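Heads up: the protein sequence lines correspond to chains A and B, in order.
Under the numbering used here, think of the first position of the first sequence as 1, with each following residue one higher.
Under the numbering used here, think of the first position of the second sequence as 111, with each following residue one higher.
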Amino acid sequence: DVKVTQSSRYLVKRTGEKVFLECVQDMDHENMFWYRQDPGLGLRLIYFSYDVKMKEKGDIPEGYSVSREKKERFSLILESASTNQTSMYLCAIQGAHIQYFGAGTRLSVL
Amino acid sequence: AQSVTQPDIHITVSEGASLELRCNYSYGATPYLFWYVQSPGQGLQLLLKYFSGDTLVQGIKGFEAEFKRSQSSFNLRKPSVHWSDAAEYFCAVGGSGTYKYIFGTGTRLKVLA
């Protein structure tokens, strides 16, 4: 079974804090993704990585950055969290054209 | 423009009744099509996929979907719904030449006992 592990299920942070969301895979896949999910908006792609240290912006990269120092780990960084970044964040990996998702991190920024 | 439309935001069915969730897509190339299910507070789980071949595909949990190229549709069906099927369902489209998938906005299914 494909395993995509997001380090936190729930996070509560203060406005202006630097926030790290971690995602780890055990399948040795090149492609990893970070999505944001909001009611009525579906999933929106924040960033994509196709290899170590390689990344591409998705549809809504503003306010976010990413890091991929090792193949199995893909981190999403909120440099200075804002209340409008309160959301569900989903990490995914892609193998054979299929995306597999982690359980998600629900982030609240107060 | 590439897009996925799930016209029904909410659907309510009685347990044991049949179910059809609609998905229409706009995609410039040959599409890869997917249905995912999301239980509350969870990530997305793949129900089924279509890449090519037989246009009627079977998935997990008794779901099936039919690809109709002429209608740009990929509707999800289940003949008899169980209470445990209550969840949110997402349709997605991608292609062989791209990593980027486009997701619909989801349909939330409620099942009445």
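Every residue, glycine too, gets a C-beta built ideally from N, C-alpha and C.
Quantities reported herein were computed from a predicted structural model and do not represent experimental measurements.
When the Cα of residue i is compared with those of the options, which residue comes out closest?
i         : options                                    : result
A:Val-52  : A:Val-12, A:Lys-70, A:Val-2                : A:Lys-70
A:Met-54  : A:Arg-44, A:Ser-65, A:Ile-60               : A:Ser-65
A:Val-12  : A:Gly-58, A:Asp-59, A:Thr-86               : A:Thr-86
B:Pro-150 : B:Leu-222, B:Arg-218, B:Ala-223            : B:Arg-218
B:Tyr-211 : A:Gly-42, A:Glu-79, A:Tyr-10               : A:Gly-42
A:Ala-96  : A:Met-27, A:Ala-81, A:Lys-18               : A:Met-27
B:Ser-113 : B:Glu-125, B:Ala-139, B:Ala-197, B:Glu-174 : B:Ala-139
B:Asp-118 : B:Phe-200, B:Ile-170, B:Phe-144            : B:Phe-200
B:Ser-206 : B:Pro-141, B:Gly-126, B:Leu-186            : B:Pro-141
B:Trp-145 : B:Ser-194, B:Leu-157, B:Gly-153            : B:Leu-157
B:Glu-174 : B:Gln-152, B:Leu-154, B:Leu-143            : B:Leu-143
B:Ile-236 : B:Gly-204, B:Asp-164, B:Gly-214, B:Lys-188 : Beyond the ends of chain B as shown, which are 111 and 223, falls residue 236 of chain B; an answer cannot be given.
A:Gln-99  : B:Asp-195, B:Thr-122, B:Leu-154, B:Leu-186 : B:Leu-154
A:Arg-14  : A:Ala-103, A:Phe-101, A:Asn-84, A:Leu-90   : A:Asn-84
A:Asp-38  : A:Ala-103, A:Leu-90, A:Leu-110             : A:Leu-90
Measure the C-alpha to C-alpha separation of residue i and residue j and round it to an integer number of angstroms.
i         : j         : result
B:Lys-178 : B:Arg-132 : 12 Å
A:Lys-3   : A:Gln-25  : 6 Å
B:Phe-184 : B:Glu-176 : 5 Å
B:Ala-111 : B:Ser-136 : 7 Å
A:Ala-92  : A:Phe-33  : 5 Å
B:Asn-134 : B:Ser-182 : 6 Å
B:Val-147 : A:Pro-61  : 25 Å
A:Arg-36  : A:Met-88  : 6 Å
A:Glu-30  : B:Ala-223 : 44 Å
A:Ile-77  : A:Ser-108 : 14 Å
B:Lys-214 : B:Gly-126 : Per the sequence shown, the amino acid found at residue 214 of chain B is Gly instead of Lys. When rounded, the distance between both Cα atoms is 26 Å.
Use the C-beta contact count for residue i: other C-beta atoms within 10 angstroms, 16 or more gives buried, fewer gives exposed.
i         : result
A:Thr-105 : buried
B:Ala-197 : buried
A:Phe-20  : exposed
B:Lys-220 : exposed
B:Tyr-160 : buried
A:Ile-46  : buried
A:Gln-94  : buried
B:Ser-190 : exposed
B:Ser-180 : exposed
A:Asp-59  : exposed
Fully enclosed by the region 15-60 of chain A, which beta strand (DSSP E) runs are 3 residues long or longer?
19-25, 31-38, 42-51, 54-57
At 3 residues or longer, what runs of the beta strand (DSSP E) sit wholly inside the region 125-182 of chain B?
129-131, 134-136, 142-148, 154-160, 166-168, 174-178
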